[in-house]
Structures are given as structure tokens and as C-alpha cells.
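Keeping their order, the protein sequence lines are chains A and B. For the first sequence, my numbering gives the first residue as 1, with consecutive numbering after it. For the second sequence, my numbering gives the first residue as 1, with consecutive numbering after it. To keep things clear, I will list the structure first and then write my remarks on it.
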Amino acid sequence: MNGEIKKMTGTSAGPALVKSRCHLQVKKSLCVLVQHGMCVFGSGRRGPGGPTEYRCLVERILYTLRFPRYIYTAKSLYGDTGELIVEEVLQRGEMTMSSVVKTVADRLTHNMEDGRSMDYSEVISAFSSLVDTHFLQRCLAACGKGNAATSSEKTPNSSAATPESLTDCYKLPQINLRGRGKRRRSSGDSDVDQRGGKRAKLENKEVNRTLCGDEGVFWQVNFERFHLHFRDQAIISAVASKMDQTSSEIVRTMLRISEMTTQPNAAYTQPLSANEIFRALPASYNISRSTLDQYLTLLVDDPMEFVGKSGDSGGGMYVVNLHKALANLARATLESVVQERFGSRSARIFRLLLRKRHLEQKQVEDFAMIPAKEAKDMLYTLLSENLVQLQEIPKTPDHAPSRTFYLYTVNQLPTARMLLQHCYKTVGNLIERRLFETRENKRHLEKSQRIEAILASLQVSGAEPAQLTEVEEMITAPERQQLEALKHHINKMDSSENQVDETIFLLESYISSTKTSH
Amino acid sequence: MSGRGRGRGRGQLTFNVDALGIRSGESLPPSAVKPSPVFPPMQVQPLPLQASEEVEYMLALKQELRASTKVLPFYIMPAKPKKDVVRYSDKYQSSEPQNNTIEWSPDWSRMPAELRVKVRKPLESRERPALKRKVKSEGKQEVLQKLEKLEKKEQEAASGEEEEDGEGKKKNEEEEEQEDDNDYDGEEFEEETDYIMSYFDNGEDFGGDSDDNMDEATY
Chain A
1 MNGEIKKMTG TSAGPALVKS RCHLQVKKSL CVLVQHGMCV FGSGRRGPGG
51 PTEYRCLVER ILYTLRFPRY IYTAKSLYGD TGELIVEEVL QRGEMTMSSV
101 VKTVADRLTH NMEDGRSMDY SEVISAFSSL VDTHFLQRCL AACGKGNAAT
151 SSEKTPNSSA ATPESLTDCY KLPQINLRGR GKRRRSSGDS DVDQRGGKRA
201 KLENKEVNRT LCGDEGVFWQ VNFERFHLHF RDQAIISAVA SKMDQTSSEI
251 VRTMLRISEM TTQPNAAYTQ PLSANEIFRA LPASYNISRS TLDQYLTLLV
301 DDPMEFVGKS GDSGGGMYVV NLHKALANLA RATLESVVQE RFGSRSARIF
351 RLLLRKRHLE QKQVEDFAMI PAKEAKDMLY TLLSENLVQL QEIPKTPDHA
401 PSRTFYLYTV NQLPTARMLL QHCYKTVGNL IERRLFETRE NKRHLEKSQR
451 IEAILASLQV SGAEPAQLTE VEEMITAPER QQLEALKHHI NKMDSSENQV
501 DETIFLLESY ISSTKTSH
Chain B
1 MSGRGRGRGR GQLTFNVDAL GIRSGESLPP SAVKPSPVFP PMQVQPLPLQ
51 ASEEVEYMLA LKQELRASTK VLPFYIMPAK PKKDVVRYSD KYQSSEPQNN
101 TIEWSPDWSR MPAELRVKVR KPLESRERPA LKRKVKSEGK QEVLQKLEKL
151 EKKEQEAASG EEEEDGEGKK KNEEEEEQED DNDYDGEEFE EETDYIMSYF
201 DNGEDFGGDS DDNMDEATY
């Protein structure tokens, strides 16, 4: 149902009117979408007196593809606690700090051994570190209302209000939350609990209702910050594969120092002196100062231009060229697509056209050192796939074909946009196919789930192995094979979605970087 | 002026033949007369997927996320299609929320007010909270008296809800009794029927609950 509503609002792209007598399901779906930040509302074209208008934020919906990546990043940076915090906030859209802490502590306690439980203070410290590094941010107060919803924040009544415009965007609220995670009671010890059941229920309700001091302060995941992190990771791994490990460590250090000081859309980081970089290198890298200088010179001279030199004070001022790096990464992506699809010689022609901009047919053959017939063939294939464009330059005003230059050219930005559309279509196809496979085999899946449930309950109540095997045999061998094949397919499709999403991220970052610099 | 005049002179193409390298007499590829096939045969096999630990972890995460979103209250099921005959057991077996509110409570100050579905309860239920508070201090006798007074008031005010008044007050009393001792068999009293809830099972779960009786022979 949610999918249908999304389609409806998405296609209109602009604000959509919702009549007050609309279907209840639509209302519920809109609530869910607003909760998750995928839809914003406000007073519409008729002013505050008119009906509310809703607008769908398409890119937020597309970020759901990337949820596993966000969660994995949080895990690698902040451990299991961080991972669960980010997962909870992602699944529920926005949450207050106290509810996050309670839920995560309960989940961690559930996975721990018996008798141990997770203290709230540990979860709070993980939460604070996530906020300090800007991975989580406060949500805007109620949009469209124009008056301060919480005590310390005032939102400007403009449609361009972003969470960063709040002064307290990353300020933790004072909450008085002490305690430990509660283990969910399994059905085994229910006898003891039933008699005290009502009292326990009342106590729980009271605990839940105690105000923790942060009502109305909701937190959401700061997607932009994660994206900056991914971008940095991509640059570092590109340097590592092009040059060596030490250079990538240097670039990583430079990016780490300028994490907080660089604006999100900046074309390059703040200039860093070589002395700063030297001091900030991790202790495990014992390179001398002169070696560092040599590495930096190498990085600056590299044609990829990841690092640039902006001055000579402080031993040399260096910047990381973010936009150039993104453009290079996008270009490498395009080249690899052509290579994998059409072969390495077509890729050579493609690279040639990228570097030399406009070339005639004859020049292409000469520079690429490919015989004329094959070059022509490859060019036409690329032209039909729209990866290469033809540019006419007339010699005479009447555009006579015999007296016109026809030049082949590649434009990086439009080609990147086209590939991005292809990626989206790919993901759509993958999802469609996965749903189809699941639907086709629904009966099998349900049967296997039921049998697993029977097996699990048998094992809990301690049955003999003979009974277990008897139950297992209820699934026949060909059915088992079919289920295995289904599982394999679905895993493959999910994995492919994740991988295509990496390409989507690169291309999207490149395209948005060009928007801001122009 | 060669090439002037569209369609005049077949074999004259709009672009310069020499510049594009087509020699005369060579056959051009056939022009497409229908849309390209849906699954064209691939000339080149794609590269295999990456298969590192990180990739597998993210795969597991993705599938877990998908499973858990189905359980969250945010997952809105499509409206149930209307059945041909309304069955009695539907009243006790339906799993959807009875009133059409969403199953979680957001912070309504952050949502537009028009999305809030107001639950329409019959008139006397609004007075139930007031009654409950008074009950604790006063006692049952006075409650019954008050109820009778209110009943008379409502009989004047609302017509056609008289039957529900009586039921409503009985429900009220029963709920108070329930609150005192929770040791009642919750199953039987849950939804005000005289039947145990398993009476309404329509046999869908049969065969799946064979956990306790595996020792006995099944016929």
C-alpha cells in the first residue's frame, strides 16, 4: 500500500493535494512517510488557510537501498552498539534519544549471555559519539507550523530550512536515564510472572511514562555525513590502488583532519601544512619528514590530481581536490563500463575521445591504432548506445553533407547521467525479479517455514531424533533443491542491488558536485 | 546541391558517405522494425559479484532489515477485500485494528492535524473515564445510581442508542472487575463471548501444532 502511495506522490513530483475526506489507508501511509522523512508537508499554494500540501522527497526514498551500507559503516566505526543505534533510527525514521537508548540496550541484553545486561550509560556514550561526529542530527521542529516547537530552537519559516540551520543541531539533551537493559521474558518462566503480571505491567507502564527530559527532541540519521564518509573512503581506496598503501594513509590523514572543517559541498579541503600532516600521521607509520615530502610531491604530480599544492608556507600547503577526485572516479566508472561491455579496444576509443574531446573518423582510427573497418564498427556500436555523440560542424551555410565536418565526441556529464538512469533501471529490474521469484515459490517457502517451526518446537520439548528426521522428510528432495536454488537466486539479486548501489552513489556524488560548482 | 529534396532520389543519404567511412557496395546493418527483445543474448558475460566478508555481512543485514520492516507497525497492509458473506467468527478473529488508527503514536505536534484519524466512540464512552475516577473513591452503589441517572439523561439526548447504554454500563462494570483480579482466564473473557477462542479456529493451524502429542499415534 505504501508503495502505491509513493508512486502517486512521486509521479506528481510537485506538491500534491490531499483532500480531507480521503481514504484512511492513504492517511496512514502519509503518516508513515512523514515519520520517515520521505514526505514533507506545508501550507500550500493557497496559503495557510488552504489545504495542506505534501511533497515527496524522492532521494530519501532511494536512500533505503543504502541502509545496509550505513549500518555496516556504523558498525566498523562504533562497534555493535553504534550499529544497533543506527539500525533502530533508520527503521523508525526519527526517535527520541531515550527511546533509542532503551530499545538498543534491550536488544543487546537479549543477545548477551544469561545474567548479564547492558548498561544504559554505554549506549548513551555510543550515541554521544555518533552525534559528536555528526552522524546523527536533530530533526527539524514541525514543519509548516512556523512557530517554535521546542524550547530552545526556532525554525525559520522558509522552505529551505535544513537541520543544520538549527543552532542546537548536534547538542545532546539532558536526560536522566539510568538503568540497564531488560531481557525479554521467554515463555518458560511465565508461571512466576503471571501472578505478579499485573503489577509488573503497571510498573513497566510507569517506567515508560516517566519523562526523561527530552520529549519533542527527535533524532534522525544524517545521510549527508555518511555520504561524505563514503566519498572519502572511495578516494582513499582509489589512491591505494593507483599508488601505494603509504600514500593512501597520507590522504586518509589529510581527510581525517579536515573532516569537521570542510563544508559538505566544498571543491577542496582546507589547506593543510605538511607539518600538520606529519604530526597527525598515525603512530604506526614511521616515515621521516623528507619521505613525507616526497610522497606529497608524488601525489601532487600524479595526473589524477587527487592532491594539490596551494602554497609554500608551513613546509607546503596541500589540499585534497574533492571535486576533481569525484570526476576522476566517475570517469573511471564510465570507462570500465565501456570496457566490460564492448571490449578493451572500444574502451581505448572511448578514453581517447574523453581526452581529445572532438575527433574525426580518420583521426580516431589513427590515434587508436585500430584498423578502419573495426574502428568504424566500434564507433557505430558506441553511437547506437548513446555513449558517443556526433557533432556537426558545417563549412558552408547550407549544411551540405559533403562539406561538413562530423566529429565524434564524449561528454562526461550527460553520459554519467545516462548511466545513472541505467543503474536505477537495473535496481528496479532486480527488485521486480526478486518479488516475482518470491511470489512464484510462495507455497514452498511457507511450507518450509512451517516445518522449521515444527522442528524448533520439537527440539525445545526434547523429542527423539527419529521424530526429527521424520518431520524433516516432509520436505521432498526436489523441493529442497528448489528452495536452495531460490535462496541462491535471491541472495545473488540482493548482493547485486548492493553493488549497483555503490555505482549509483559514485555517479550521484559526481553529478551533484558539478551542480554546485557551476 | 546534392542531397536537396527529401525523398527525391533513393540512395541519397543525408550525411556525407565518405566522411563516415562507408564504402559503396557495403551493406548497412538492417534497420530495426520492432522494439529490441526483452532478453537479448549477451555477447559478453558480466563480471562475477564481489564476494568478501563485508559483502556477505551487508547481504545478511539487508535481508534482516527486510524481514523486520514487515513486523514493524509502519508496514501498512492493503485493505482486506470484502468477503462475500460476513461471518460471525470475523468479529473475534480479525487481526486488523478495529478502529482505523495507526498502530503507533507519533508526536502529533510534528504531523499535520488532518492525518489524525479521530476514533468515533459512542457518546457514553467519553463519560467512562470520568466515571472510573469517581468509582475508586465512592463505591459501587453510588456508581449504579449515577449510571441510572446518566442513562436517563442519555435517553433524552440520544435516541436509538438506548440498547448500547445498557451494554456499555455492563461492559464498564466487567472491566472494573477485570482490573481487580487478573487471574481470570484471559482467553475466555477477552472479547465477551461465551466460547473459548479456539472455537473460532477454522482449521488453518491444524497439523502445525503437533508439539505436545507426538507420542500418540495419529490416525
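Heads up, the beta-carbon is just placed ideally off N, CA and C, and yes, glycines get one too.
Neighbourhood of residue i by C-beta, 8 Å cutoff - its chain only, sequence neighbours within 5 removed
i: A:L57; result: G37, M38, C39, V40
i: A:Q270; result: S258, T261, T262, V319
i: A:L130; result: A74, Y78, G82, I85, V86, L136
i: A:G395; result: Just to set this straight, residue 395 of chain A is Lys in the shown sequence, not Gly. Excluding positions up to five away in sequence, the list reads R403, T404, F405.
Beta carbon of residue i nearer than 8 Å to that of residue j
i: A:L140; j: A:V221; result: no
i: A:T503; j: A:T333; result: yes
i: A:R289; j: A:F306; result: no
i: A:T81; j: A:L108; result: yes
i: A:Y510; j: A:A327; result: yes
i: A:A105; j: A:M97; result: no
i: A:L30; j: A:Y54; result: yes
i: A:I85; j: A:F127; result: yes
i: A:L354; j: A:V410; result: yes
i: A:R351; j: A:E335; result: yes
i: A:V500; j: A:L419; result: no
i: A:A280; j: A:L322; result: no
i: A:L292; j: A:S247; result: no
Separation of residue j from residue i, as counted between CA atoms
i: B:W65; j: A:H229; result: A small correction: the amino acid at residue 65 of chain B is Leu; Trp does not occupy that position in the sequence shown. Going by the C-alpha atoms only, they are around 22 Å apart.
i: A:T514; j: A:S448; result: 51 Å
i: A:L435; j: A:E94; result: 28 Å
i: A:E472; j: A:Q459; result: 12 Å
i: A:S284; j: A:L329; result: 29 Å
i: A:L507; j: A:S346; result: 21 Å
i: A:S237; j: A:R256; result: 14 Å
i: A:N498; j: A:R225; result: 19 Å
i: A:L382; j: A:Q294; result: 42 Å
i: A:H526; j: A:S76; result: Not covered by the structure: residue 526 of chain A. The range shown for chain A is 1 to 518.
i: A:F505; j: A:P397; result: 45 Å
i: A:K324; j: A:E122; result: 41 Å
i: A:D494; j: B:L59; result: 6 Å
i: A:S457; j: A:Q339; result: 54 Å
i: B:L47; j: A:R92; result: 36 Å
i: A:L445; j: A:Y170; result: 45 Å
Chain-ordered chain B contacts of residue i [CB-CB under 9 Å]
i: A:Q482; result: Simply none; closest approach about 19 Å.
i: A:Q91; result: L65, S68, T69, L72, F74
Below-8 Å beta-carbon distance, residue i vs any chain B residue
i: A:E340; result: yes
i: A:P397; result: no
i: A:N429; result: no
i: A:N498; result: yes
i: A:T52; result: yes
i: A:C31; result: yes
i: A:V34; result: yes
i: A:D119; result: no
i: A:G216; result: yes
i: A:I511; result: no
i: A:Y72; result: yes
Interface flag, residue i vs chain A, CB-CB below 8 Å
i: B:E54; result: yes
i: B:S68; result: yes
i: B:K62; result: yes
i: B:V86; result: no
i: B:D194; result: no
i: B:L72; result: yes
i: B:P106; result: yes
Sequence-distant residues of the same chain with beta carbon closer than 6 Å to residue i, five excluded per side
i: A:M317; result: P271, S273, S310, G311
i: A:N275; result: G314, G315
i: A:C423; result: V500, T503, I504
Residues of its chain near residue i, where Cβ-Cβ distance is below 7 Å and the 5 sequence neighbours each way are ignored
i: A:P371; result: none
i: A:T103; result: E88
Under 7 Å from the C-beta of residue i: neighbouring residues of chain B
i: A:R69; result: M58
i: A:F41; result: P112
i: A:Y63; result: Within chain B, no residue comes near A:Y63; the closest Cβ sits about 13 Å away, beyond 7 Å.
Contacts of residue i in chain A (Cβ-Cβ under 9 Å)
i: B:V143; result: Chain A residues near B:V143: none, gap ~22 Å exceeds 9 Å.
Chain A residues whose Cβ lies nearer than 8 Å to that of residue i
i: B:L49; result: K492, S495, S496, Q499
i: B:P46; result: E340
Listed by chain order, chain A residues near residue i by CB distance under 7 Å
i: B:P40; result: Near B:P40 there are no residues of chain A at all, since even the closest Cβ is about 13 Å away, more than 7 Å.
Short CB-CB distance (under 8 Å) between residue i and chain C
i: A:F127; result: Of the protein chains in this structure, namely A and B, none is chain C.
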